[in-house]
Amino acid sequence: MSKLGLFDLAVRYGKLTALANLSFTVAEGERLFISGPNGAGKSSLLGAISGAVKAAHGRVEMDGEILSGRAPEEIARRGLSMVPEGRRIFAGLTVQENLLVGTGQRRDRGAVADDLATVFDSFPILGERRHAPAGALSGGQQQMLAISRALMTNPKLMLVDEPSLGLAPKIVDEVYERLCALQALRGLTLVIVEQSSARAARVGGRMLLMRGGRIVADGDAAGFAAQDLLTEAYFGDAA
Amino acid sequence: MSLQLVFDALSLGGIYAIAALGIALIFGVMKLVNFAHGQFIAFAVFALIVPSANAVATLGIGALPAPLLITLVLAIGAGLAVLAERLVFRPLRDASPVSLMVASFALGVMLQNLLLVTYGGRPKAVSLWAGLGAPVPVLTAQVPLLQLIVIGAVAAILAGLALMLKRTRIGLEMRAAAEDFGMARLLGVKANVVISGAFALSGALAAVVALVLVAQTGVADVRMGGQIMLVAFIATVVGGMGSLPGAVAAGLLIGAASALLQAFLPPEARPFRDAFLYGLVILVLLARPQGLFAPAGAKPRV
Ligand SMILES: Nc1ncnc2c1ncn2[C@@H]1O[C@H](COP(=O)(O)OP(=O)(O)O)[C@@H](O)[C@H]1O
Ligand SMILES: [Mg+2]
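Residue numbers (this note's numbering), protein chains in the order written: chain A, 1 to 239; chain B, 240 to 541.
This is the structure in structure tokens:
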């Protein structure tokens, strides 16, 4: 059984169709990149999966259970976690408080302290600044915090929206290294929105290419970089 | 400056701060300016007395021993607010802030009319804890016992609330939700629990204001929540919408300014004290349109 399944999923904002009847599945433990130009519908897709955006049509399933129509908090409580576009750190809360916001739902309360220690082990800077307001962290540190905050909910499936946005290339390398290490360690299923298909190819995994709310290509990220499929996705029928 | 003036300023400002907190708590998590808060206060006042149209009220709950009385009235305030959320504001949760505000006006009018039908329109004399008017010597001043109790209670409530927000799970979730509700929900924070919690706290704070007002004035009046609601709303704006410390500080400041104006304005100008007070408010808002303590990143709306 696939981890995540989308069936004929559509999202509309008024008259605008942001997602046009998408279908695909993601296998357990897979790493899936979603790429495509601005406005392709990548964030809307993650929103429709996480429950933040209402689907106009179709359904989303996780482990065979229907998620569509449920509140975001119920979906989160089923083991889906989100690292949103722009990170959305709680700037006025301390670093540690940010990490704890999503732990109230966990049944394994005893493991929360261990997980917190693990986060501070792997990101010492977060440990050092645990009592500082999260808004005072640098962009890269905030991205690490957003990822760690999502992990603290103990998810099985994690959605990450443009983790490289606004970060220096060296920091982006580090973010991806961490993400991949965490995925291997935890057996996570990862869906990552990444504008740069070259970056996706370097990190490795499967890649979906979107344009205008549709999937225009689906395959191994490494195979994409060389192809003119990309040109097709970005410049489309304008050519 | 006389010591008495300090106590006047603290007790008046303290009550304004508690009322302003009641508004700011709900605004924080829901972006709703709850104009029914004044009627929540009035409702808690009338909950003390037996329904009748008589000019002198017969105490019902108000005749119980203080600990029981206070617990009951706080529970009634909290219960009313939670019920209002469930029946009125929850169905409107995705509506615009303006629609929510209008709905709160409507709820306030309905509550006021419910009180009018049940208790009649005339203000009633209520003697609650009559012994508290007795003056107590404090250093050079004679301070009414009630004033000391109010100041102590306000300090205890503020400390308790700060501790609750800082140290408990629901407090953490409320602060996260006040910053970014959508994000909090994506992390599994239950919207209904946080919002009900904020309403319950707000309603209990309305009941505190009600008890103080009745004890101070000895009157139950259907309209009595309106004036303090206005001051509380202004305090939340001056403090910076969405900032709880801001609401408290601005409530205290407005109370202090009010007491100072009362003491130092020439006698012939005193009837117009509120005009001076609101003039000061306008000056503050001209200097800082976003409020004195606007949360980081908050911008004034155009
Ligand atoms: N909340 C919204 N209201 C109206 N239109 C939106 C909203 N969010 C996104 N859109 C529109 O939907 C389309 C897809 O946006 P989005 O999912 O953010 O794309 P991407 O993440 O790929 O850049 C765009 O045309 C965008 O303008
Ligand atoms: Mg996007």
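Don't be surprised by glycine CBs; every beta carbon is placed ideally from N, CA and C.
Are residue i and residue j close, meaning C-beta to C-beta below 8 Å?
i                : j                : result
Val101 (chain A) : Phe90 (chain A)  : yes
Phe430 (chain B) : Met413 (chain B) : Residue identity differs from the one stated: residue 430 (chain B) is Ala in this sequence, not Phe. No, the pair does not count as a contact, with Cβ atoms beyond the cut-off.
Ile66 (chain A)  : Arg59 (chain A)  : yes
Leu516 (chain B) : Val523 (chain B) : no
Asn98 (chain A)  : Arg129 (chain A) : no
Leu6 (chain A)   : Phe33 (chain A)  : no
Arg87 (chain A)  : Ala146 (chain A) : yes
Ile493 (chain B) : Val393 (chain B) : no
Lys156 (chain A) : Gly79 (chain A)  : yes
Phe279 (chain B) : Gly442 (chain B) : yes
Leu167 (chain A) : Val175 (chain A) : yes
Ala619 (chain B) : Lys363 (chain B) : Outside the modelled stretch of chain B, which goes from 240 to 541, sits residue 619 (chain B), for which no answer is possible.
Gly51 (chain A)  : Leu209 (chain A) : no
Gly213 (chain A) : Gly41 (chain A)  : yes
Phe224 (chain A) : Ser197 (chain A) : yes
Leu367 (chain B) : Gly421 (chain B) : no
Asn293 (chain B) : Ser343 (chain B) : no
Thr153 (chain A) : Thr94 (chain A)  : no
Arg178 (chain A) : Met144 (chain A) : yes
Ala533 (chain B) : Gly479 (chain B) : yes
Leu284 (chain B) : Met468 (chain B) : It is Val, not Leu, that sits at residue 284 (chain B) in the sequence shown. No, the pair does not count as a contact, with Cβ atoms beyond the cut-off.
Pro336 (chain B) : Leu271 (chain B) : yes
Val389 (chain B) : Val432 (chain B) : no
Ile215 (chain A) : Leu22 (chain A)  : yes
Ala201 (chain A) : Ala222 (chain A) : yes
For chain A, is any of its Cβ atoms less than 8 Å away from the one on residue i?
i                : result
Glu412 (chain B) : yes
Gly479 (chain B) : no
Lys429 (chain B) : yes
Asp247 (chain B) : no
Arg424 (chain B) : yes
Glu418 (chain B) : yes
Ala320 (chain B) : no
Ala537 (chain B) : Bear in mind that the predicted position of Ala537 (chain B) carries a pLDDT of just 44, short of 50, making it unreliable; the figure below should be weighed with that in mind. Chain A, which has no Cβ nearer than 8 Å to the Cβ of Ala537 (chain B), makes this no.
Gly485 (chain B) : no
Gly421 (chain B) : yes
Arg408 (chain B) : yes
Gln439 (chain B) : It should be pointed out that residue 439 (chain B) corresponds to Ala in this sequence rather than to Gln. Not an interface residue.
Ala364 (chain B) : no
Ala415 (chain B) : yes
Val541 (chain B) : Confidence in Val541 (chain B) is poor, its pLDDT being 35 and thus under 50, which makes the residue's placement unreliable; the coordinate value appears in the next sentence. Not an interface residue.
Between residue i and chain B, is any beta-carbon pair separated by less than 8 Å?
i                : result
Ser50 (chain A)  : yes
Pro72 (chain A)  : yes
Arg129 (chain A) : no
Arg186 (chain A) : no
Ala76 (chain A)  : yes
Asp220 (chain A) : no
Ala238 (chain A) : Note that Ala238 (chain A) scores a pLDDT of 44, beneath 50, so its modelled location is shaky; the value from the coordinates is reported in the next line. By this cut-off, Ala238 (chain A) is not an interface position.
Would you list, in chain order, the members of the stretch 81-106 of chain A that have their beta-carbon closer than 9 Å to a beta-carbon of chain B?
Within the stretch 81-106 of chain A, contact with chain B at the beta-carbon level (separation under 9 Å) is assigned to Ser81, Met82, Pro84, Arg88, Ile89, Phe90, Ala91, Gly92, Leu93, Glu97, Asn98, Leu100, Val101, Gly102, Thr103, Gly104, Gln105 and Arg106.
Do the stretch 453-462 of chain B and the stretch 322-329 of chain B meet, that is, are 3 or more Cβ pairs less than 8 Å apart?
By the Cβ rule, the stretch 453-462 of chain B does not count as touching the stretch 322-329 of chain B, because fewer than three pairs are nearer than 8 Å.
May I ask you to verify whether the stretch 19-28 of chain A touches the stretch 69-88 of chain A, counting CB pairs closer than 8 Å and requiring at least 3?
Counting C-beta pairs closer than 8 Å gives fewer than three between the stretch 19-28 of chain A and the stretch 69-88 of chain A, which falls short of the contact rule.
Does the structure place the stretch 333-350 of chain B close enough to the stretch 475-486 of chain B that three or more beta carbon pairs sit under 8 Å?
Judged by Cβ distances under 8 Å, the stretch 475-486 of chain B makes no contact with the stretch 333-350 of chain B, as fewer than three pairs qualify.
Quick test of the definition: if touching needs 3 or more C-beta pairs under 8 Å, does the stretch 438-452 of chain B touch the stretch 308-320 of chain B?
Segment contact: the stretch 438-452 of chain B against the stretch 308-320 of chain B, three or more CB-CB distances shorter than 8 Å; contact assigned.
Residues from the stretch 136-169 of chain A in contact with chain B, defined by Cβ distance under 8 Å:
Of all residues in the stretch 136-169 of chain A, Arg149, Ala150 and Thr153 have a Cβ within less than 8 Å of some Cβ in chain B.
Under 8 Å, with one C-beta from each stretch per pair, do the stretch 120-140 of chain A and the stretch 9-17 of chain A reach the 3-pair mark?
Contact between the stretch 120-140 of chain A and the stretch 9-17 of chain A is absent: fewer than three C-beta pairs spanning the two stretches fall below 8 Å.
Touch test, the stretch 283-294 of chain B against the stretch 261-269 of chain B, Cβ-Cβ under 8 Å, three pairs minimum:
Too few Cβ pairs lie closer than 8 Å, so no.
Just to be sure I understand the criterion: a residue counts if its Cβ is closer than 5 Å to at least one heavy atom of ligand 1. Which residues meet that?
Answer in sequence order: A:Tyr13, A:Ala18, A:Asn38, A:Gly39, A:Ala40, A:Gly41, A:Lys42, A:Ser43 and A:Ser44.
Touching or not, the stretch 492-507 of chain B and the stretch 245-259 of chain B, by the rule of three or more beta carbon pairs under 8 Å?
Yes, the stretch 492-507 of chain B is in contact with the stretch 245-259 of chain B.
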